[in-house]
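**Q** One structure coming up, written as structure tokens, with questions to follow.
Protein chains in written order, with the numbering used here: chain A, 2 to 253; chain B, 7 to 320.
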């Protein structure tokens with residue numbers, strides 16, 4: 002035990018900031034869910050700015066900045082650009098930051114109902130280095146990504162679909178039972194938490210690079226109407242748009 | 007040797023096994039069967055059921071920690087296809103020291119009831135399978151077939167009577183004939199079958215569900231996990247040849263960039279490289295991948311329709 006304490010003191014702390022733009026702030030609560038793990042995280046990081054968790058918040062520069070939500074007001078756009086200028090690494094946390102979130106459904110409504118600019122993801126606004134997907138994020142995954150970043154290790158999201166993890170948890174396939182599910186096109190890492198409790202996957206973690214949307218629509222068309230399929234594929238933002246973005250980035 | 011037994015004898019067999027090994031058997035869990043540990047030697051189902059994940063989750067669990075010691079394990083109620091798969095699995099990992107050695111395993115087979123997805127009769131599973139006991143049910147008694155000294159030792163302790171009934175292990179599934187030699191030739195000739203694989207991969211999600219449930223898919227990633235308390239753990243995670251990071255090398259360069267390459271690689275490993283390296287195809291016809299596939303793909307139909315399309319020597 003003594004040895005452990007010694008090693009903890011050697012760590013040179015990096016500075017961490019956790020910002021929240023327009024969203025439900027659920028991802029920040031998810032980070033705080035496991036106090037033990039979060040306390041361990043504080044051995045690596047000095048929390049400079051975390052409005053939900055502490056009163057005295059400092060300004061940058063930060064080594065790592067974690068941002069959740071989408072920018073809506075001018076003030077938030079300004080804050081976002083400031084974060085990008087002042088931090089070495091910017092991590093997009095949660096489905097809102099990565100895909101646009103629930104609020105981005107207004108992008109698909111007729112213009113006369115809205116009277117507001119389109120919802121933009123963080124990827125549309127600034128350069129993002131890494132992402133922690135999910136709605137909400139998975140506690141263990143988020144902590145391990147932050148620990149990896151401390152050690153300058155490039156965190157990697159799984160390359161396989163939710164289906165892979167769903168089978169590891171020995172669930173029956175919902176699509177085989179005739180229920181709609183976006184598991185086959187969604188990035189794994191959530192431990193198939195929804196399907197474990199017999200709920201369909203809504204694809205909060207975003208599309209896989211190899212996602213086959215043509216086949217997905219073909220399979221869903223046996224269960225849902227055309228309008229419903231469009232709704233399913235845009236629950237957490239425009240799935241296919243993000244997917245096309247990924248593929249472009251890979252090929253360039 | 008073949009012996010007669012009744013229910014009481016089998017309970018005794020279970021108790022003898024339980025002294026030395028951790029027993030695993032099939033348990034009904036909702037509407038599916040899971041292969042799980044028996045805490046007590048009672049209520050072991052000797053009959054084989056098709057669980058979603060095969061024995062591989064016990065001897066080679068996901069996230070295997072390399073610093074752990076191996077436990078002695080008894081795998082009961084394995085169907086013939088699973089025994090064949092386990093033999094190949096042990097052959098593949100024989101020198102690695104990652105999984106249990108043959109001495110630390112007790113393999114107990116059991117009757118199976120094949121469903122419409124089974125096609126084990128296409129593979130020559132019967133000869134020279136390596137297992138310890140096989141328990142088969144007849145009208146009002148059980149037949150216990152022992153094939154190794156471990157099995158004989160267990161039976162000696164209980165003292166069962168020999169049986170003179172004729173008994174042979176046979177693949178029970180009845181599926182239309184597939185010419186595996188032709189399949190091998192066709193898959194090896196990629197130029198010829200290129201369009202065919204493109205067509206199949208258009209209907210495939212590339213999700214990797216089939217590789218998760220396959221008893222003979224043993225590809226893994228070696229990961230170094232930094233834990234938040236400051237340590238670092240070396241573990242092996244299951245991976246899949248359909249994963250986008252599986253064939254990636256430096257600077258994100260991908261050796262198999264398209265799904266058709268990955269799908270082709272899966273079949274190539276199963277039916278071409280498998281026979282070359284392990285002298286047997288890496289498929290035993292258990293049909294688990296057919297049940298697991300969300301895109302309703304069927305390996306049985308895929309290889310037989312390929313044979314129909316490209317029939318004779320090419």
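Positions of the beta carbon are idealized from the N, C-alpha and C atoms, including for glycine.
(1) For residue 307(B), go through chain A and note every residue whose CB falls closer than 9 Å to its CB, in chain order.
(2) With C-beta atoms as the reference, is residue 3(B) less than 8 Å away from residue 62(B)?
(3) Quick one: which unbroken alpha helix (DSSP H) runs of 4-plus residues sit fully inside the region 250–317 of chain B? Chain order, please.
(4) Under 8 Å between C-beta atoms, does residue 165(A) make it to chain B?
(5) Leaving out five residues before and five after residue 158(B) in sequence, what residues of the same chain have Cβ atoms less than 6 Å from its Cβ?
(6) Taking only beta carbons into account, state which residues of the region 200–213 of chain B come closer than 8 Å to chain A, listed in chain order.
(7) List the residues of chain B whose Cβ lies closer than 7 Å to the Cβ of residue 193(A), in chain order.
(8) Looking at chain B, is there any beta carbon in it that lies within less than 8 Å of the beta carbon of residue 207(A)?
(9) Under a three-way DSSP split, which group does residue 132(A) fall into?
(10) Just to confirm before moving on: does the CB-CB distance between residue 123(A) and residue 186(A) stay below 8 Å?
(11) In chain B, what lies closer than 8 Å to residue 233(A) by C-beta?
(12) Only counting runs of 3 or more residues, tell me where the beta strand (DSSP E) segments fall wholly within the region 87–122 of chain B, in order along the chain.
(13) DSSP beta-bridge partners for residue 211(A)?
(14) What are the residues of the region 59–81 of chain A that lie near chain B, defined by any Cβ-Cβ distance shorter than 8 Å?
(15) Cα separation between residue 110(B) and residue 30(B)?
(16) In terms of residue numbering, what span does the alpha helix (DSSP H) encompassing residue 30(B) cover?
(17) Starting from the beta carbon of residue 59(B), find every residue of chain A whose beta carbon is closer than 8 Å, and list them in chain order.
(18) So residue 84(B) packs on residue 92(B), CB below 8 Å; how close in whole Å?
(19) Give me the chain B residues within the contact set of residue 42(A), using Cβ-Cβ distance strictly less than 7 Å, ordered along the chain.
(20) What residue does the alpha helix (DSSP H) around residue 143(A) start on, and which one ends it?
(21) Just curious, the alpha helix (DSSP H) that residue 219(B) is in, first and last residue?
(22) Throw me the rounded Cβ distance for the residue 35(A) and residue 140(A) pair, which I believe falls under 8 Å.
(23) Is the number of C-beta pairs between the region 36–43 of chain A and the region 162–181 of chain A that are closer than 8 Å three or more?
(24) Kindly identify the DSSP beta-bridge partner or partners of residue 187(A).
(25) Just to confirm before moving on: does the CB-CB distance between residue 184(B) and residue 310(B) stay below 8 Å?
(26) How is the alpha helix (DSSP H) around residue 195(A) delimited, first residue to last?
(27) I'd like the list of long-range same chain contacts for residue 89(B), defined as Cβ closer than 7 Å, with 5 residues on each side in sequence excluded.
(28) Please confirm if residue 300(B) has its CB atom under 8 Å from at least one CB of chain A.
(29) Could you pull out every residue in the same chain whose Cβ sits closer than 8 Å to the Cβ of residue 72(B), ignoring the five residues on either side in sequence?
(30) Please go through the same chain and pick out, in chain order, the residues whose beta-carbon is closer than 6 Å to the beta-carbon of residue 125(B), but skip the five residues on each side of it.
(31) Secondary structure at residue 140(B), three-state DSSP: helix, strand or coil?
(32) Tell me the residue span of the alpha helix (DSSP H) that contains residue 27(A).
(33) So, residue 164(B) versus residue 15(B), is the Cβ gap smaller than 8 Å?
(34) Helix or strand or just coil, what does DSSP make of residue 56(A)?
(35) May I ask you to list, following chain order, the residues of the region 115–137 of chain B that have a beta carbon less than 9 Å from some beta carbon of chain A?
(36) Within the region 69–114 of chain A, note down every full alpha helix (DSSP H) run reaching 4 residues or more, in order along the chain.
**A** Let me lay it out:
(1) On the second chain, residue 307(B) is found 301 positions in, with the first residue counted as 1. None at all; the shortest Cβ gap to chain A is about 16 Å.
(2) There is no way to answer for residue 3(B), as the model of chain B reaches only from 7 to 320.
(3) 265–274, 280–284, 294–298 and 305–315
(4) Taking the first chain and counting its residues from 1, the one referred to as residue 165(A) is at position 164. It does: the Cβ of residue 165(A) has a partner Cβ on chain B nearer than 8 Å.
(5) Mapped onto the second chain, residue 158(B) falls at position 152. If we look at residue 158(B) and ignore the five residues flanking it on each side, its Cβ neighbours are 152.
(6) For the region 200–213 of chain B, residues whose beta-carbon sits nearer than 8 Å to a beta-carbon of chain A comprise 208, 209, 210, 211, 212 and 213.
(7) Working through the first chain from its first residue, we reach residue 193(A) at position 192. Those within 7 Å of residue 193(A) in chain B number zero; the least Cβ separation is about 11 Å.
(8) Position 206 of the first chain, counted from the first residue, corresponds to residue 207(A). Not closer than 8 Å to any Cβ of chain B, the Cβ of residue 207(A) fails to qualify, so no.
(9) Counted from its first residue, the first chain places residue 132(A) at position 131. Correct three-state label for residue 132(A): strand.
(10) Walking along the first chain from the start, residue 123(A) turns up at place 122. Walking along the first chain from the start, residue 186(A) turns up at place 185. Contact: no.
(11) Locating residue 233(A) in the first chain gives position 232, counting from the first residue. Chain B residues near residue 233(A): none, gap ~15 Å exceeds 8 Å.
(12) 111–116
(13) As a working mapping, residue 211(A) is identified with position 210 in the first chain. Answer is none; residue 211(A) lacks a bridge partner.
(14) none
(15) Counting from one through the second chain, the residue named residue 110(B) turns up at place 104. Counting from one through the second chain, the residue named residue 30(B) turns up at place 24. Rounded to the nearest angstrom, the two C-alpha atoms are 14 Å apart.
(16) Walking along the second chain from the start, residue 30(B) turns up at place 24. Not the alpha helix (DSSP H): residue 30(B) falls in the beta strand (DSSP E), residues 28–35.
(17) As a working note, residue 59(B) is residue 53 in the second chain. Within chain A, the residues near residue 59(B) are 168, 169 and 171.
(18) Along the second chain, read from residue 1 onward, the residue named residue 84(B) stands at position 78. Along the second chain, read from residue 1 onward, the residue named residue 92(B) stands at position 86. Their Cβ separation, rounded to whole angstroms, is 7 Å, which keeps residue 84(B) and residue 92(B) in contact under 8 Å.
(19) By 1-based counting over the first chain, the position of residue 42(A) is 41. Per Cβ cutoff of 7 Å: 234.
(20) Taking the first chain and counting its residues from 1, the one referred to as residue 143(A) is at position 142. 140–151 is the extent of the alpha helix (DSSP H) around residue 143(A).
(21) Residue mapping note: residue 219(B) aligns to position 213 of the second chain, counting from 1. Element bounds for residue 219(B): 215–219.
(22) Sequence index remark: in the first chain, residue 35(A) carries index 34 (1-based). Sequence index remark: in the first chain, residue 140(A) carries index 139 (1-based). Yes, residue 35(A) and residue 140(A) are in contact; Cβ-Cβ is about 5 Å, under 8 Å.
(23) no
(24) For the purposes of this step, residue 187(A) is taken as the residue at position 186 of the first chain. DSSP output for residue 187(A) lists 208(A) as bridge partner(s).
(25) Within the second chain, the letter at position 178 stands for residue 184(B). Within the second chain, the letter at position 304 stands for residue 310(B). Taking 8 Å as the Cβ cut-off, residue 184(B) and residue 310(B) qualify as a contacting pair.
(26) Here residue 195(A) refers to the residue found at position 194 when the first chain is read from its first residue. Where residue 195(A) is concerned, the enclosing alpha helix (DSSP H) starts and stops at 194–197.
(27) For this step, residue 89(B) is matched to residue 83 along the second chain. Once the five neighbours on either side are set aside, the close Cβ partners of residue 89(B) are 113, 115, 135 and 137.
(28) One-based indexing of the second chain puts residue 300(B) at position 294. By this cut-off, residue 300(B) is an interface position.
(29) For the purposes of this step, residue 72(B) is taken as the residue at position 66 of the second chain. 104, 240, 241 and 242.
(30) Numbered from its first residue, the second chain carries residue 125(B) at position 119. Only 179, 181, 291 and 306 meet the Cβ criterion.
(31) In the second chain, residue 140(B) corresponds to position 134, counting from 1. Residue 140(B) falls in the strand class under three-state DSSP.
(32) On the first chain, residue 27(A) is found 26 positions in, with the first residue counted as 1. Segment 27–32, the alpha helix (DSSP H) holding residue 27(A).
(33) Mapped onto the second chain, residue 164(B) falls at position 158. Mapped onto the second chain, residue 15(B) falls at position 9. Contact: yes.
(34) Counted from its first residue, the first chain places residue 56(A) at position 55. Residue 56(A) falls in the coil class under three-state DSSP.
(35) Under the 9 Å Cβ criterion, the region 115–137 of chain B contributes no residue.
(36) 75–87 and 95–100
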